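Student:
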Amino acid sequence: MRFILEDIINGILMGSIYGLAALGLTVIFGVLKVINFAHGSLLMVGMYVAYWAVILTGLHPYLALVIVVPVMFLFGYFLQDIVIKPIFKAEKAVREPITVIIVTTGVWYILDNLSLLVFGPQYRNLQDNPLRGKMLEVGGMLLSVPRLWGFFAALLTALAIYLFFQKTRTGRAIRATSIDREAASLQGINQYKVYNLAVGIGTAAAGIAGVSLVPFYNIFPSVGVLFDIKCFIIVVLGGLGSIAGALLGGMIIGVIEYVGTQFMAATWTEAIVYGLFLVFLFLKPSGLFGVKYEW
Amino acid sequence: MRILELKGVSKSFGGLKAVEDFNLSIEEGEILGLIGPNGAGKSTIFNCIAGVYPPTAGEIYFKGENITRQRPWDLCREGLARTFQIVKPFSSRTALYNVTVGAFATTGKRAEAERRALKVLRRLHMQDVKDVRAGNLTIAYLKRLEIARALATQPKILLLDEVMAGLRPTEVDEMVKIIKELRESGVTIFVIEHIMRAIMALSDRIAVLHFGKKITEGTPKEVASDERVIKAYLGEEYGTA
Amino acid sequence: MGRNTIRIGPLVLAGVIALGLPLAVRSVTYLHILVLLYLYAYLTTSWNLVGGFAGVLPLGHSAFVGIGAYTSTVLSLQYGISPWIGMMIGGILAAIVGVIIGLPTFKMRGAYFALATIAFAEGIRVMVENIDNLGPIILNGPRGLQIPPLNTGLLNFMFATKEPYYYIILFMLAGVLLLTYAISRSKLGHYLVAGGEEPEAAMALGVNVARAKLIAMAMSSFLTAFAGTFWAQFTLYIHPKSVMSLDISFEIAFIALIGGRGSIAGPVLGALLLRPVTDFSRIYFGGKLPGLHLIIFGVVLILVMIYQPRGLQEPLTRAYRSVTKKLFGHTEAA
Numbered sequence: 034m035r036f037i038l039e040d041i042i043n044g045i046l047m048g049s050i051y052g053l054a055a056l057g058l059t060v061i062f063g064v065l066k067v068i069n070f071a072h073g074s075l076l077m078v079g080m081y082v083a084y085w086a087v088i089l090t091g092l093h094p095y096l097a098l099v100i101v102v103p104v105m106f107l108f109g110y111f112l113q114d115i116v117i118k119p120i121f122k123a124e125k126a127v128r129e130p131i132t133v134i135i136v137t138t139g140v141w142y143i144l145d146n147l148s149l150l151v152f153g154p155q156y157r158n159l160q161d162n163p164l165r166g167k168m169l170e171v172g173g174m175l176l177s178v179p180r181l182w183g184f185f186a187a188l189l190t191a192l193a194i195y196l197f198f199q200k201t202r203t204g205r206a207i208r209a210t211s212i213d214r215e216a217a218s219l220q221g222i223n224q225y226k227v228y229n230l231a232v233g234i235g236t237a238a239a240g241i242a243g244v245s246l247v248p249f250y251n252i253f254p255s256v257g258v259l260f261d262i263k264c265f266i267i268v269v270l271g272g273l274g275s276i277a278g279a280l281l282g283g284m285i286i287g288v289i290e291y292v293g294t295q296f297m298a299a300t301w302t303e304a305i306v307y308g309l310f311l312v313f314l315f316l317k318p319s320g321l322f323g324v325k326y327e328w
Numbered sequence: 040m041r042i043l044e045l046k047g048v049s050k051s052f053g054g055l056k057a058v059e060d061f062n063l064s065i066e067e068g069e070i071l072g073l074i075g076p077n078g079a080g081k082s083t084i085f086n087c088i089a090g091v092y093p094p095t096a097g098e099i100y101f102k103g104e105n106i107t108r109q110r111p112w113d114l115c116r117e118g119l120a121r122t123f124q125i126v127k128p129f130s131s132r133t134a135l136y137n138v139t140v141g142a143f144a145t146t147g148k149r150a151e152a153e154r155r156a157l158k159v160l161r162r163l164h165m166q167d168v169k170d171v172r173a174g175n176l177t178i179a180y181l182k183r184l185e186i187a188r189a190l191a192t193q194p195k196i197l198l199l200d201e202v203m204a205g206l207r208p209t210e211v212d213e214m215v216k217i218i219k220e221l222r223e224s225g226v227t228i229f230v231i232e233h234i235m236r237a238i239m240a241l242s243d244r245i246a247v248l249h250f251g252k253k254i255t256e257g258t259p260k261e262v263a264s265d266e267r268v269i270k271a272y273l274g275e276e277y278g279t280a
Numbered sequence: 012m013g014r015n016t017i018r019i020g021p022l023v024l025a026g027v028i029a030l031g032l033p034l035a036v037r038s039v040t041y042l043h044i045l046v047l048l049y050l051y052a053y054l055t056t057s058w059n060l061v062g063g064f065a066g067v068l069p070l071g072h073s074a075f076v077g078i079g080a081y082t083s084t085v086l087s088l089q090y091g092i093s094p095w096i097g098m099m100i101g102g103i104l105a106a107i108v109g110v111i112i113g114l115p116t117f118k119m120r121g122a123y124f125a126l127a128t129i130a131f132a133e134g135i136r137v138m139v140e141n142i143d144n145l146g147p148i149i150l151n152g153p154r155g156l157q158i159p160p161l162n163t164g165l166l167n168f169m170f171a172t173k174e175p176y177y178y179i180i181l182f183m184l185a186g187v188l189l190l191t192y193a194i195s196r197s198k199l200g201h202y203l204v205a206g207g208e209e210p211e212a213a214m215a216l217g218v219n220v221a222r223a224k225l226i227a228m229a230m231s232s233f234l235t236a237f238a239g240t241f242w243a244q245f246t247l248y249i250h251p252k253s254v255m256s257l258d259i260s261f262e263i264a265f266i267a268l269i270g271g272r273g274s275i276a277g278p279v280l281g282a283l284l285l286r287p288v289t290d291f292s293r294i295y296f297g298g299k300l301p302g303l304h305l306i307i308f309g310v311v312l313i314l315v316m317i318y319q320p321r322g323l324q325e326p327l328t329r330a331y332r333s334v335t336k337k338l339f340g341h342t343e344a345a
């Protein structure tokens, strides 16, 4: 019984990191109304940036945030500005920008294979970092310390993003654009700048997720692929655009994974996750907290 | 015979009552006009009839049969066709292709469908633009294309949703002529229109909708001089043809 | 030079060249590359029935390749059934699965539809990877199935040289292109285009859009499964990552998109342009610059989507038309 609880809690902790990874995706969707297939690759980039930041500067992994967050923010900002914006401008009349899906998949291919070319296929990890393998004993249960940190990082990041959107002028401008971009632009809000900011924020969130993962997760060029699809599932489960939904969705996936592997092979839990995803797509496509989008 | 009958039709969207207890019957061969201020619920009624969504209450009969919950494609097969207020052409294809899609409603052979499409285009004086990409047509032609497509399905009744909007006066007159010719060929017409002189010239009878409720029904003359109608349209200019 | 000659001429020329190529090309490697080229042209053309004509973006067609490959292989290895018959059965199975997938997903918006197809395809792959045997049927999980090259001959769909495979896939490609052409002129074709562009208007004109899409999906998955059987018989070894991976789904979709989905020539064109890039970069750079071809892929994809969203067939067709106009005074259309 104790072990199940331990699994559930560790599942929640790991799941919150998944949620953190998906946070960026849900923000990007909530504002731009597009699905960014390159999100997993952005996470991968975040992980590599964190890795190199630690290796080159000897910083504690979490202090690397100082480098990772601005770098990732700028990366996302310019990715949107240079690559995605032209599509938006060209497809103004189209209701659903499928083209963006295709283009972001192109970005995914380029990023993943560029990192394969530059960094090589080998798995890397931060062997000697102070957090590796550290466990915390709480009430007879062993909890993973880096995952615990990840949990708090996820909550803090979610809170920070939420407050940003609710309380700051820029944040409210972004929300206004996401609700009605024409009306917002009539108010003097530059919608393209808003989009750049939103993608920048989303990518920075992915960077934070990367930093949380780097102490205990292997880093390799296609690591993003595993997270990419997981993030989509989480975002659909939680509701596109919902911050709380992303965290909750992530935790659900985390729990399924941790508890599930006690009873069946890891790949069957994968199948369950896909199954759950499909069930939600059919029955409740707006997810747990999302806004209902008309079909 | 009564080709279309609406009995107690109501439609609500969430808490909003768009149409309330609407009753109407249309005789075969008639041209019936539906007018009312913006937002009165006219298109909603069309959508209910055409199967886009079912009414919240009430029943709709077509040729005596209850069609209340039927879907648009089945209704089209049965002889009920409609156009859209905001034109929806298949922009990447030619006018002929567009109309051919409609013609396939009653045949499976391409040659026959194309032949019928050409005939319809000629009837609407569009034979010169048959190979023009729909996306490049003027609004006047696009409105006519809407009618042509619907006509190619060989309907018994045609629901026209503001086909005159955006047309110049000469184009409006041309359209009135075309619609009258359609009726001569045996198609019943149910038309929503804002351009008063057109609908007064066209309709045998007119029903007036205001805030989702029918406030009166009668000949153009009767409706034009009805106090309630004048009140509802206060400020709007119109004249009988 | 008549209109029909301009239209048919280049096709006849291409056909003659294709038929004669194996006589000129002696290298086994190049023949292999050509076979793969035709295979992908076949796959993208089959995909085009749904992804092009129906106007949706299915990203899970690898599932049908896998169903075709596994069905015919299992049937021939365990029950001695000829791969040709297995191919047909695989096709039918794939069509059924395609309809099952399509029923709930076609109602979804573009992006959700794409995600759902990915989830289905990956779900199926994960399951096959985990199942060693399904009752009496041996699937061998991640290790896959190997076909011993024992009895060669047309009936066994097994040959010692590459040439027969070349002609079979060429024949299949020609067949699927003809089918696409016939459909584009048919009622179904018109209905698919209408439903893809303006579903509301199409429905008002008598088009049961959902049903048309399902028919297209059934056809597409049926034909795609054939490619799976061909692949199994050609490479003699199949495993989930080789016949059912997401990469295959993506490659098919993107080749079609770059070439121009919705057109007949587009997918073939895309394959003609991109497959050599993949194969040659793997041959020449494989060791030193891995993944280069995918980078090129991604860049081309992005550029095409920004500047020529209807695919490269559009500017190429325009160029072809202006050339024939200059040479013969008119094009094949007018």
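Chains as they are written, first to last, in the working numbering: chain R, 34 to 328; chain W, 40 to 280; chain Y, 12 to 345. Glycine residues also receive a C-beta, built at the ideal position from the N, C-alpha and C atoms. Since the structure is predicted, the reported quantities are computational estimates derived from the model, not experimental observations.
(1) Note down the Cα distance separating residue 315 (chain R) from residue 206 (chain Y), rounded to an integer number of angstroms.
(2) In whole angstroms, what separates the C-alpha of residue 234 (chain W) from that of residue 119 (chain Y)?
(3) For the alpha helix (DSSP H) that contains residue 290 (chain R), what are its first and last residues?
(4) Identify the contact partners of residue 48 (chain W) in chain Y, using a Cβ-Cβ distance below 7 Å as the criterion.
(5) Counting only the same chain and skipping the five closest in sequence on each side, list residues whose C-beta sits under 7 Å from that of residue 80 (chain R).
(6) Is it buried or exposed for residue 258 (chain W), if we count other Cβ within 10 angstroms and need 16 for buried?
(7) Across which residues does DSSP place residue 120 (chain W) in a beta bridge pair?
(8) Let me confirm a value: residue 153 (chain R) is counted as buried when at least 16 other C-beta atoms fall within 10 Å, else exposed. Which label applies?
(9) Interface residues of chain W around residue 274 (chain Y) at Cβ under 7 Å?
(10) Using a C-beta cutoff of 9 Å, does residue 307 (chain R) count as contacting chain Y?
(11) Assess contact between the region 279-293 of chain Y and the region 37-47 of chain Y, defined as three or more Cβ pairs (one per stretch) separated by less than 8 Å. Is contact present?
(12) If I measure Cβ to Cβ from residue 283 (chain R) and keep anything under 8 Å in the same chain, skipping five residues before and after, which residues do I get?
(13) From this set, W:59, W:228, W:225, W:192, which residue's C-alpha is nearest residue 140 (chain W)'s C-alpha?
(14) Is residue 116 (chain R) near residue 313 (chain Y), with beta carbons less than 9 Å apart?
(15) Within 8 Å, do at least three Cβ pairs link the region 96-107 of chain Y to the region 216-225 of chain Y?
(16) Give the secondary structure of residue 66 (chain W) by DSSP, where H, G and I count as helix, E and B as strand, and everything else as coil.
(17) Tell me which residues share the same chain as residue 70 (chain Y) and place their Cβ nearer than 7 Å to its Cβ, disregarding the 5 neighbours each side in the sequence.
(18) Hey, is residue 60 (chain R)'s beta-carbon within less than 9 Å of any beta-carbon in chain Y?
(19) In its own chain, which residues sit with a C-beta less than 8 Å from the C-beta of residue 355 (chain R), not counting the 5 before and 5 after it?
(20) Thinking C-alpha only, which one of R:135, R:146, R:156, R:95 is nearest residue 162 (chain R)?
(21) From the DSSP secondary-structure annotation, give me the bridge partner or partners of residue 51 (chain W).
(22) Looking at chain R, which residues of the region 99-128 of chain Y have a Cβ within less than 7 Å of any of its Cβ atoms?
(23) Going by other Cβ atoms of all chains shown within 10 Å of its Cβ, with 16 needed for buried, is residue 306 (chain R) buried or exposed?
(24) Below 9 Å between beta carbons: does that hold for residue 189 (chain R) and residue 178 (chain R)?
(25) Please list, in chain order, the chain Y residues whose beta carbon lies closer than 7 Å to that of residue 304 (chain R).
(26) What does residue 296 (chain Y) pair with, by DSSP beta-bridge criteria?
(27) Would you call the region 213-225 of chain W and the region 169-177 of chain W in contact, with 3 or more CB pairs under 8 Å?
(28) Can the beta-carbon of residue 76 (chain R) be found less than 9 Å from the beta-carbon of residue 197 (chain R)?
(29) Just to confirm, are residue 271 (chain Y) and residue 325 (chain Y) a CB contact at a threshold of 9 Å?
(30) What residue does the beta strand (DSSP E) around residue 246 (chain W) start on, and which one ends it?
(31) Are the region 57-68 of chain W and the region 84-100 of chain W in contact at 8 Å, needing three or more beta carbon pairs?
(32) Along chain R, which residues have their Cβ under 9 Å away from the Cβ of residue 326 (chain Y)?
(33) Helix, strand or coil: which one does DSSP assign to residue 138 (chain Y)?
(34) Among Y:181, Y:123, Y:169, which has the Cα closest to the Cα of residue 93 (chain Y)?
(35) How many whole angstroms separate the CB atoms of residue 192 (chain R) and residue 59 (chain R), which I take to be in contact at a CB cut-off of 8 Å?
(36) Can residue 193 (chain Y) and residue 112 (chain W) be called in contact, C-beta distance under 9 Å?
Tutor: Reading from the atomic positions:
(1) Within the first sequence, numbered from 1, the residue matching residue 315 (chain R) stands at position 282. Within the third sequence, numbered from 1, the residue matching residue 206 (chain Y) stands at position 195. So the alpha carbons of these two residues sit roughly 21 Å apart.
(2) Here residue 234 (chain W) refers to the residue found at position 195 of the second sequence. Here residue 119 (chain Y) refers to the residue found at position 108 of the third sequence. Cα-Cα distance, rounded: 38 Å.
(3) Here residue 290 (chain R) refers to the residue found at position 257 of the first sequence. Segment 276-296, the alpha helix (DSSP H) holding residue 290 (chain R).
(4) By one-based count along the second sequence, residue 48 (chain W) stands at place 9. The contacting residues do not exist; residue 48 (chain W) stays about 19 Å from chain Y at best.
(5) Reading the first sequence from its first residue, position 47 is the one you call residue 80 (chain R). Here the set comprises 243, 246, 247, 252, 256.
(6) The count along the second sequence starts at 1 and reaches residue 258 (chain W) at position 219. So residue 258 (chain W) counts as exposed.
(7) One-based indexing of the second sequence puts residue 120 (chain W) at position 81. BP columns for residue 120 (chain W) point to W:197.
(8) The residue labelled residue 153 (chain R) in the question sits at position 120 within the first sequence. Exposed: under 16 other Cβ atoms inside 10 Å.
(9) As a working note, residue 274 (chain Y) is residue 263 in the third sequence. Neighbours of residue 274 (chain Y) on chain W: none; closest Cβ ~11 Å, over 7 Å.
(10) What you label residue 307 (chain R) is simply residue 274 of the first sequence in a count that begins at 1. Yes, residue 307 (chain R) counts as interfacial toward chain Y.
(11) yes
(12) Counted from its first residue, the first sequence places residue 283 (chain R) at position 250. If we look at residue 283 (chain R) and ignore the five residues flanking it on each side, its Cβ neighbours are 48, 49, 50, 51, 52, 53, 54, 55, 187, 267, 271.
(13) Start at 1 with the first residue of the second sequence, and residue 140 (chain W) comes out as number 101. Residue 140 (chain W) has its Cα closest to that of W:192, out of W:59, W:228, W:225, W:192.
(14) Sequence index remark: in the first sequence, residue 116 (chain R) carries index 83 (1-based). Sequence index remark: in the third sequence, residue 313 (chain Y) carries index 302 (1-based). In this structure, residue 313 (chain Y) lies closer than 9 Å to residue 116 (chain R) by Cβ.
(15) no
(16) Against the second sequence, residue 66 (chain W) aligns to sequence position 27. DSSP places residue 66 (chain W) in strand when its eight states are reduced to three.
(17) Counted from its first residue, the third sequence places residue 70 (chain Y) at position 59. Only 125, 128, 129, 260, 261, 264 meet the Cβ criterion.
(18) Working through the first sequence from its first residue, we reach residue 60 (chain R) at position 27. Not closer than 9 Å to any Cβ of chain Y, the Cβ of residue 60 (chain R) fails to qualify, so no.
(19) As displayed, chain R neither begins before 34 nor continues past 328, which places residue 355 (chain R) out of reach and without an answer.
(20) Translated into the one-based positions of the first sequence, residue 162 (chain R) becomes position 129. The shortest C-alpha separation from residue 162 (chain R) is found at R:95.
(21) Here the question's residue 51 (chain W) lines up with position 12 in the second sequence. BP columns for residue 51 (chain W) point to W:56.
(22) 115, 118, 119, 120, 121, 122, 123, 125, 126, 127
(23) The sequence position of residue 306 (chain R) within the first sequence is 273, counting from 1. Looking at its Cβ environment, which holds 16 or more other Cβ atoms inside 10 Å, residue 306 (chain R) is buried.
(24) Residue numbering aside, residue 189 (chain R) sits at position 156 when the first sequence is read from its first letter. Residue numbering aside, residue 178 (chain R) sits at position 145 when the first sequence is read from its first letter. No, they are not a contact pair.
(25) Numbered from 1 along the first sequence, position 271 holds the residue referred to as residue 304 (chain R). Those within 7 Å of residue 304 (chain R) in chain Y are 134, 137, 138.
(26) By 1-based counting over the third sequence, the position of residue 296 (chain Y) is 285. Bridge partners of residue 296 (chain Y): none, in fact.
(27) no
(28) Indexing the first sequence from 1 puts residue 76 (chain R) at position 43. Indexing the first sequence from 1 puts residue 197 (chain R) at position 164. Not in contact: residue 76 (chain R) and residue 197 (chain R) (Cβ atoms no closer than 9 Å).
(29) Against the third sequence, residue 271 (chain Y) aligns to sequence position 260. Against the third sequence, residue 325 (chain Y) aligns to sequence position 314. A contact, by the Cβ cut-off of 9 Å.
(30) Here the question's residue 246 (chain W) lines up with position 207 in the second sequence. Run containing residue 246 (chain W): 244-249, per the beta strand (DSSP E) assignment.
(31) yes
(32) Stepping through the third sequence from its first residue, residue 326 (chain Y) is reached at position 315. Correct list: empty, because the minimum Cβ distance to chain R is about 16 Å.
(33) For the purposes of this step, residue 138 (chain Y) is taken as the residue at position 127 of the third sequence. Residue state, collapsed to three classes: helix.
(34) Taking the first residue of the third sequence as 1, we reach residue 93 (chain Y) at position 82. For the residues Y:181, Y:123, Y:169, the minimum Cα distance to residue 93 (chain Y) belongs to Y:169.
(35) Translated into positions along the first sequence, residue 192 (chain R) becomes position 159. Translated into positions along the first sequence, residue 59 (chain R) becomes position 26. Actually they do not touch by this definition, with Cβ atoms about 15 Å apart.
(36) Here the question's residue 193 (chain Y) lines up with position 182 in the third sequence. Here the question's residue 112 (chain W) lines up with position 73 in the second sequence. Going by C-beta atoms, residue 193 (chain Y) is not nearer than 9 Å to residue 112 (chain W).
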